[in-house]
Structure formats: C-alpha cells, structure tokens
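J.: By full-length UniProt numbering, the letter at position 20 of the sequence shown is numbered 20, and the numbering carries on one by one without gaps.
Here a beta-carbon is modelled for each residue, glycine too, at the ideal position from N, C-alpha and C.
Quick one: the structure is below, and I'll ask about it shortly.
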Amino acid sequence: MTSADRSLPNLLITGTPGTGKSTMAAQLAAQLPDFALIELGELIKAKQLHDGWDAENEAYLWNEDRICDELEEAMSRGGVILDFHGADFFPERWFDLVVVLRANNSVLYERLAARRYPEKKLQENLEAEIMQVVRDEVFDAYQEDIIAEWQSDSLEQLEANIALAARWAREWQGPGTSAPRHAEADGDASAGGAVSAMAQDGAP
1 MTSADRSLPN
11 LLITGTPGTG
21 KSTMAAQLAA
31 QLPDFALIEL
41 GELIKAKQLH
51 DGWDAENEAY
61 LWNEDRICDE
71 LEEAMSRGGV
81 ILDFHGADFF
91 PERWFDLVVV
101 LRANNSVLYE
111 RLAARRYPEK
121 KLQENLEAEI
131 MQVVRDEVFD
141 AYQEDIIAEW
151 QSDSLEQLEA
161 NIALAARWAR
171 EWQGPGTSAP
181 RHAEADGDAS
191 AGGAVSAMAQ
201 DGAP
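Encoded structure:
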C-alpha cells in the first residue's frame, strides 16, 4: 500500500526528551478517535526491538531494522500518531506530517530535573536541544513542506499545537497536504509557529 492509498494520514511527533512530545501525542490521539497512538519507546521495550541496554548512556540500543519491520503494517494502513525522539531512520513515505517540538533551555532543564534525569544525561539533552540535533535530523530526512516546527514551553502553546494538528488531520486531503502553521507566528518557531514555506488555508 502506498501513501496515496491511505485514507488517514500518519503523524510523527518528535523532539528532544522533555519538549512535550508524549503529552502532545497522547492528547492529540484523544481528540482523534480514528487514530492509533504508538509510543515507540514503550514498544521497543515491550517487543524487544533493541540490542540490549547501554548502561553508560542509560538507554536501549534501538534496532532500526526490527523497529521498521514491526511498524510497517500499521504505517501502511495510516491513521498513526507516532511518538518518538528519533526521526531519521524511518522511511520518508510513512509520514504526512512531522512535528518537531522545541523548548527553551530553562524550561527543558526544569522538566528533565523533575523526571530525576542523571546530571550527565540531563546535560546531554540540553546540549542536543541547543545544537538542534533532532530538528536537523528532521529537516535532513523529510521534505520541508510536511514539517512543522513548534515551540512547546507552555500549556497555551501545547493546546494551540494540539488544536492545529487535530484540525490538519481532520481536513487532510491526501499526500501533498502541506504542514500547518500558526498564523500569528508567521513561521517564527520562537513564537510558537511552524517553520514551513507553505501557508495555512491557502493564504500567501
């Protein structure tokens, strides 16, 4: 089945740990009952889609081939909201919208500290956000017109991001439907907008 055969789009919600992707994905799925939420981090553990535990980095060593094999059928059907902090090893054809969430470093620090991240791991994630690691992976792996880059520092931004993604999913017109953006931000991610050359609702 090709992307043109899907009746519902697939969405990837990604970003550095602590940017709010799991919260957004879960609340978005609650608003879209026809969609399935896949929390890939949990699936990797449950289905052992990894090559063991990396004690130094306190993380599982993902097996990308096993992950893609496990997801292929669901992604081919469509209607998936995939929540994961990695983005660059999935087949590009899987996704109709890729949302990369960003967070201010002070906000990110507070969130990761609240999760009791070890200091080394906390600093690594802060550095990854500063260096835009996930964001750059996304823009290297996918066409820019399906990418939305949104700020995720506050409850208000979270709610706005969910509302915009839900509206986009309901109004999806098939492959080629451009990523939505927050009109008030005019493409400025620091203001909560999506970095996209394509305007919403056909606006110039």
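If you run the structure through DSSP and keep just helix, strand and coil, what is Ala-36?
T.: DSSP places Ala-36 in strand when its eight states are reduced to three.
J.: How many whole angstroms separate the CB atoms of Thr-14 and Ala-87, which I take to be in contact at a CB cut-off of 8 Å?
T.: The Cβ separation is near 5 Å, so the contact holds.
J.: Assuming Ala-148 is part of the beta strand (DSSP E), what are its boundary residues?
T.: Residues 147 to 151.
J.: If we ignore side chains and look at the alpha-carbon of each, how far apart do Met-198 and Arg-66 end up?
T.: Any reading at Met-198 is ruled out, since the residue's pLDDT is 29, under 50, leaving its predicted position unreliable.
J.: Relative to the C-alpha of Gln-123, which residue among Asp-96, Asp-136 and Ser-106 is closest?
T.: When each option's Cα is compared against that of Gln-123, the closest is Ser-106.
J.: Going by beta carbon distance, what residues of the same chain come within less than 6 Å of Arg-135, once the five residues before and after it are set aside?
T.: Answer for Arg-135: Val-100, listed in chain order.
J.: Identify every residue that forms a DSSP beta bridge with Thr-16.
T.: Paired residue(s): none; Thr-16 is not in a bridge.
J.: Please state the DSSP three-state secondary structure of Trp-168.
T.: Three-state result, Trp-168: helix.
J.: Let me know if Asp-153 comes out buried or exposed under the rule of 16 or more other beta-carbons within 10 Å of its beta-carbon.
T.: Classification for Asp-153: buried.
J.: Applying the criterion that 16 or more other CB atoms from any shown protein chain within 10 Å of the CB defines a buried residue, is Met-75 buried or exposed?
T.: Met-75 should be labelled buried.
J.: Let me check understanding here. Comparing Cα to Cα, which of Tyr-117, Ala-165, Asp-69 and Leu-108 lies closest to Ile-94?
T.: Note on identity: in this sequence residue 94 is Trp, with Ile being the wrong assignment. Ranking the options by Cα distance to Trp-94, first place goes to Asp-69.
J.: Rounded to whole angstroms, what's the CA-CA distance from Ala-25 to Leu-12? Just pull it up for me.
T.: So the alpha carbons of these two residues sit roughly 9 Å apart.
J.: Below 7 Å CB to CB, which residues in the same chain sit around Gly-192 once its five sequence neighbours on both sides are set aside?
T.: Below a pLDDT of 50, predicted positions are generally treated as unreliable, and Gly-192, at 39, falls in that range; the measurement from the model is reported next regardless. Same-chain partners within the cutoff: Trp-150, Gln-151, Gln-157, Ala-160, His-182 and Ala-185.
J.: Could you check what DSSP says for Asp-54 in three-state terms: helix, strand or coil?
T.: Asp-54: strand per DSSP, three-state reduction.
J.: Specify, as a first and last residue, the run of the beta strand (DSSP E) that Tyr-60 falls within.
T.: Where Tyr-60 is concerned, the enclosing beta strand (DSSP E) stretches over 59 to 62.
J.: Quick check: the Cα distance between Gly-176 and Pro-9, rounded to an integer number of angstroms?
T.: Between Gly-176 and Pro-9, the C-alpha separation is close to 11 Å.
J.: For Ala-46, count neighbouring Cβ atoms within 10 angstroms of its own Cβ and tell me buried if that reaches 16, exposed if not.
T.: Under this definition Ala-46 is an exposed residue.
J.: So Ala-103 and Gly-18 are supposed to be a Cβ contact under 8 Å. How far apart are they, rounded?
T.: The Cβ separation is near 6 Å, so the contact holds.
J.: Measuring straight from C-alpha to C-alpha, what distance separates Ala-148 and Glu-119?
T.: About 30 Å.
J.: Determine the closest residue to Glu-127 out of Glu-39, Tyr-109 and Gln-143, with distance taken between C-alpha atoms.
T.: Checked all of Glu-39, Tyr-109 and Gln-143; the closest Cα to Glu-127 is Tyr-109.
J.: Output the boundary residues of the beta strand (DSSP E) element that contains Arg-102.
T.: That run of the beta strand (DSSP E) goes 97 to 102.
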